[in-house]
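Participant: Okay, handing you the structure first.
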Amino acid sequence: MTYETLELLIDGEWTEGTSDIREDVINPATGEVLGVLPHASTADLDRALAAAERGFKAWSSQSAYARQQVMEKAAQIMEARKAAIAETCTKEMGKPLNESLIEMDFVIGQTRWCGEEGKRAYGRMIPPRIAAHRQLVLREPVGPSCAFVAWNFPGTNVIRKIAHALGAGCSLIIKPSEETPGTAIAIARAFHEAGVPAGALQVVFGVPAEVSKHLIASPVTRKLSFTGSTAVGKLLQKMAAETLMRTTMELGGHAPVMVFDDADIGAAAKAIAGFKFRNAGQVCISPTRFLVQNKVYGDFVDAFIAEAKAVNVGNGMDEGVTMGPLIAERRVDAMDGFIADAKSSGGSVVLGGERMGNQGHFFEPTVLTDVPKSARIMNEEPFGPVAPIGRFDDLNDGLEEANRLEVGLAAYAFTTDGNTADQLTNHINAGMLGINTPMISLPETPFGGVDESGFGSEGGIEGLEAYQRTRFVVEKR
Ligand code: NAD
């Protein structure tokens, strides 16, 4: 059976740590125990913090060119192990193997992009007011960093922290999700073997609230990056205030999809249904509030249902499966709760609505109609394969609903009208907008939200800047 050996990486060594606490890692499709994960003790965390300081000095004192060579080697190692790491990802998270392979392409691509971009941490010279002065602006790595990430993209969430931190010259202690540790460990092994110095990249696990409290409170860590829910993000942000560390918060969303009556309805339904049921809807940028202009409402609902019926639910390791299980039983309960609430608010279940089978955490692709704005699913992130489809009258009406919530991560629209596209581009309240395409996440483009979806971006030059600080130097000559 291909699955990763579960260990901690502390000060350049793979170790089981000094704690007696262990937890099982479960395959969400079968319920089988894949491995036993060791937790880090407080002493292990302290060792990691001390090593992070040394690792930072060792890594940041190398040239960006030397760092890029190490990151390129890590990318090559991951390329050679892509099939095995993808299998680990599917077994622990549930997504179809093909999605895990695509995720690994992203992981490798982000590693290469950040390694290269690290070479371009240009400062600048500012013309002085006094001729004898020379004015320099330097960009330098912010220091030892810590990161905590969710389970839904065991590769992508992790590499977005590792590649940007290392690309900028920082050291990083990362606590991936305890539910999906194997992919993170496999990625860290590649960096370790490629020659990242001891302490520059470390991986720990434990009780999330305890690990984060310890690492964030330490004066060693100067940057915190979190991917997870808005509620936990707010908690960590408060702790970070104690040492005024920099933060990047990649939090929850509730993405609206606006389908205008001038859109190609068949193409829109195909593109957005595929995206809705990707990773069983457990995606922070998953399309969530479907808003369809009145004239094409019936056509879109029919086309969307046809696409949803074609989704093949099963074990992600099986050939032809296009949607796997939910990560755990708590997510099945969450879907039941959203659907019961939508029904009692007057909504109709027009497809699915039930769990599937008696093993694993499978749930039917589900379509709801006539769900009022007051229903929970129209306000709270469902993070599952449930699509409520509502209506709007005109651009203003649609935009008002799209911008109604406090979160603003992703938004999507389908239209062939240039003016509509312009209005959305200028007035949508979201960090990312996909017009006629859901492809809003690439290594070279900034990924991040606004308002209660957090702040700071990963990807693109913004992702590296998040791990850099500025120094201004004036010299009288
Ligand atoms: P969660 O916030 O409860 O947990 C997310 C991760 O953080 C988990 O791995 C958990 O172990 C860890 N965590 C929980 N409490 C913690 C604490 N006190 N300190 C440190 N780490 C802690 O969220 P969840 O429901 O498990 O994950 C889904 C959420 O993540 C959704 O809201 C989703 O939108 C969000 N998410 C956001 C992005 C993004 O880039 N914006 C990407 C993926 C997921």
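Numbering follows my numbering, with no gaps: position 359 of the sequence shown is 367.
Virtual Cβ for every residue (Gly too), placed ideally from N, Cα, C.
1. Within the stretch 215-250, note down every full alpha helix (DSSP H) run reaching 4 residues or more, in order along the chain.
2. Classify Arg168 as helix, strand or coil using the three-state DSSP reduction.
3. For Asp2, which residues from the same chain have a beta carbon less than 6 Å from its beta carbon, with the 5 sequence-adjacent residues on both sides left out?
4. What residue range is occupied by the uninterrupted beta strand (DSSP E) comprising Gly43?
5. For the ligand NAD, any of its heavy atoms closer than 7 Å to the Cβ of Leu53?
6. Taking the CB atoms as reference points, tell me whether Thr6 and Ser226 lie closer together than 8 Å.
7. Over the uninterrupted alpha helix (DSSP H) stretch that includes Phe400, give me the two end residues.
8. Quick one, which of Ser153, Met79, Glu124 has its alpha-carbon nearest Lys65's?
9. Nearest to Ala171 by CA position, among Arg477, Gly468, Phe480, Val482, is which residue?
10. Would Gly43 and Tyr11 qualify as a contact pair, given that the criterion is a beta-carbon distance under 8 Å?
11. Check this for me: beta carbons of Trp159 and Ile335, under 8 Å apart or not?
12. Would you say Thr26 and Asp52 are within 8 Å of each other, going by their C-beta atoms?
13. Taking the alpha helix (DSSP H) that His487 falls in, what are its first and last residues?
14. Using alpha carbons as the reference points, say which of Met440, Gly190, Met253, Met331 lies closest to Asn106.
15. With DSSP run on the structure shown, which of helix, strand or coil describes Ile181?
16. Looking at the structure shown, is His200 part of a helix, part of a strand, or coil, going by DSSP?
17. For Glu452, which three-state DSSP category applies?
18. Over the uninterrupted beta strand (DSSP E) stretch that includes Leu299, give me the two end residues.
19. Between the stretch 177-196 and the stretch 57-71, are three or more C-beta pairs nearer than 8 Å?
20. Where does Thr10 fall in DSSP's three states?
21. Kindly identify the DSSP beta-bridge partner or partners of His141.
22. With DSSP run on the structure shown, which of helix, strand or coil describes Gly306?
23. May I ask you to check if the CB of Gly236 is nearer than 7 Å to at least one heavy atom of the ligand NAD?
24. Roughly how many angstroms separate the alpha carbons of Thr238 and Ser294, rounded to a whole number?
25. Enumerate, from N- to C-terminal direction, the unbroken alpha helix (DSSP H) stretches of 4 or more residues contained entirely within the stretch 40-88.
26. Here's a check: name, in chain order, each residue in its chain whose Cβ is nearer than 6 Å to the Cβ of Gln210, leaving out the five neighbours to either side.
27. Going by other Cβ atoms of all chains shown within 10 Å of its Cβ, with 16 needed for buried, is Gln367 buried or exposed?
28. If you pair each beta-carbon of the stretch 73-85 with each one of the stretch 195-203, do three or more pairs fall below 8 Å?
29. Nearest to Phe491 by CA position, among Asp272, Lys90, Val321, is which residue?
Facilitator: Looking at the coordinates:
1. Correct list: 216-225, 238-249.
2. Residue state, collapsed to three classes: helix.
3. There is simply no residue 2 to check, as the chain begins at 9 and stops at 485 in what is shown.
4. 41-46 is the span of the beta strand (DSSP E), which, as asked, contains Gly43.
5. It does not: the Cβ of Leu53 is nowhere closer than 7 Å to a heavy atom of the ligand NAD.
6. This structure cannot speak to residue 6, because the chain is shown only from 9 to 485.
7. Boundaries around Phe400 are those of the beta strand (DSSP E), 394-400, since no alpha helix (DSSP H) includes it.
8. Cα-wise, what sits closest to Lys65 is Ser153.
9. Nearest C-alpha to Ala171: Gly468.
10. Less than 8 Å separates the beta-carbon of Gly43 from that of Tyr11.
11. With respect to Ile335, Trp159 sits close: the two C-beta atoms are nearer than 8 Å.
12. Yes; because the gap between Cβ atoms is below 8 Å, this pair is in contact.
13. Summary: the structure shown does not reach residue 487, with the chain confined to residues 9 through 485, and so no result is reported for it.
14. The shortest C-alpha separation from Asn106 is found at Met331.
15. In the displayed model, Ile181 falls within a strand according to three-state DSSP.
16. Reduced to three states, the DSSP call for His200 is helix.
17. Glu452 carries a coil assignment under DSSP once its states are collapsed to helix, strand and coil.
18. That run of the beta strand (DSSP E) goes 295-301.
19. A contact exists between the stretch 177-196 and the stretch 57-71.
20. Of the three classes helix, strand and coil, the one that applies to Thr10 here is coil, per DSSP.
21. Lys484, per the DSSP bridge assignment.
22. Of the three classes helix, strand and coil, the one that applies to Gly306 here is helix, per DSSP.
23. Because some heavy atom of the ligand NAD lies under 7 Å away, the Cβ of Gly236 counts as near it: yes.
24. Their Cα atoms are separated by approximately 16 Å.
25. Runs of the alpha helix (DSSP H) inside the stretch 40-88: 50-68, 72-88.
26. Excluding sequence neighbours, Gln210 sits near Leu17, Ile18, Ala56, Ile181.
27. Exposed, by the Cβ-count rule.
28. Touching, yes.
29. Nothing about residue 491 can be read from this structure; the chain reaches only from 9 to 485.
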